[in-house]
Every structure is written in structure tokens, then in C-alpha cells.
Amino acid sequence: MQARYGMVHGRFQPFHYGHWQYARAALVRCDHLIAGITNPDPSLIVIVAEAADPERHLPAANVFTFFERQRMIHAALAEARVDTACLSIVPFPIHLGKGKSTTLPSNGLAGRGPGCGGSEAGER
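Numbering of the sequence shown is given in our numbering, commencing with residue 427 and proceeding in unit increments.
Encoded structure:
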């Protein structure tokens, strides 16, 4: 059964091949993909070093703005022939904690484009 919506999230600093593989795996399972960009506003980050990457919160590790990452993801998926009408790229401020995000509508999706079938990614 095909899910109506799918979600991937990450910092995407920058969007690379591993991120494409992650997005592609979700795209083949849903009609509409929501890509959530974590750390959309670096000025709001609570500095907590992570064991896996203790420098992840530093400005040098977060060189692209939210809007640059949004354009980067959109361009990469469009180049891979993903129907971008079936794609929403939104801020996903997981660092704010549960219930603090005001960036998504109450139904969790900004909209759905026409012709957003669940075919193989890159063949839409």
C-alpha cells in the first residue's frame, strides 16, 4: 500500500548523494514527500555536543542558510526528474522540542500538486 505522505529530514549541509538515496527510498513509498530541514535558524540552537559529531552545532558546520538548502534540495530532486509538485520542503526545527514548531499547518502539509503518483522516483 502506498502512503499518501512521506517524510525525510536532515540538516542537508549540503544535500549529497546519501541524502538523495534517503529521499528516493521515501519517494517510492509515498505520493507526496515532505523534506524537513532541521536547524533552519542556527541562531536558535541550544548548543549540545553530540557524541557522533561534537562540532555539528558550530557555524563552520552550518554554512548554508535554510533558503539555500531549500533551493539545493529542490534543484537536486528536479534534476533527478522528481515531480516537484509532489514535494514540500519545510523548516523542521527539532531542536525547539515537542509542540514548539509553528512552521507546519495543522494538517502537516502545505499542499499537494496534481499528478503526484507513487511511481519510481525519477520517472514522475
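Virtual Cβ for every residue (Gly too), placed ideally from N, Cα, C.
Keep in mind that this is a model prediction, so the values were computed, not measured.
- Query: Under the rule that 16 or more other beta-carbon atoms within 10 Å means buried, what is leucine 513, buried or exposed?
  - Reply: As a working note, residue 513 is residue 87 in the sequence shown. With 16 or more Cβ atoms within 10 Å of its Cβ, leucine 513 is classed as buried.
- Item | Inter-residue Cα distance where the pair is serine 527 and arginine 507 | Here residue 527 refers to the residue found at position 101 of the sequence shown. Here residue 507 refers to the residue found at position 81 of the sequence shown. Any reading at serine 527 is ruled out, since the residue's pLDDT is 49, under 50, leaving its predicted position unreliable.
- Message: According to DSSP, is methionine 427 part of a helix, a strand, or is it coil?
- Response: In the sequence shown, the residue the question calls residue 427 occupies position 1. The answer is coil: DSSP assigns methionine 427 none of H, G, I, E or B.
- Backbone CA spacing between leucine 453 and leucine 503 [nearest angstrom]: Counting from one through the sequence shown, the residue named residue 453 turns up at place 27. Counting from one through the sequence shown, the residue named residue 503 turns up at place 77. Distance between the alpha carbons of leucine 453 and leucine 503: 10 Å.
- Item | Candidates Thr491, Asp457, Tyr448, Asp467: closest to arginine 430 by CA position | Here residue 430 refers to the residue found at position 4 when the sequence shown is read from its first residue. Minimum Cα distance to arginine 430 is reached at Asp457.
- Compare the C-alpha of isoleucine 499 against each of Val434, Ser469, Pro480 and name the closest. Mapped onto the sequence shown, residue 499 falls at position 73. Of Val434, Ser469, Pro480, the residue nearest in Cα terms is Val434.
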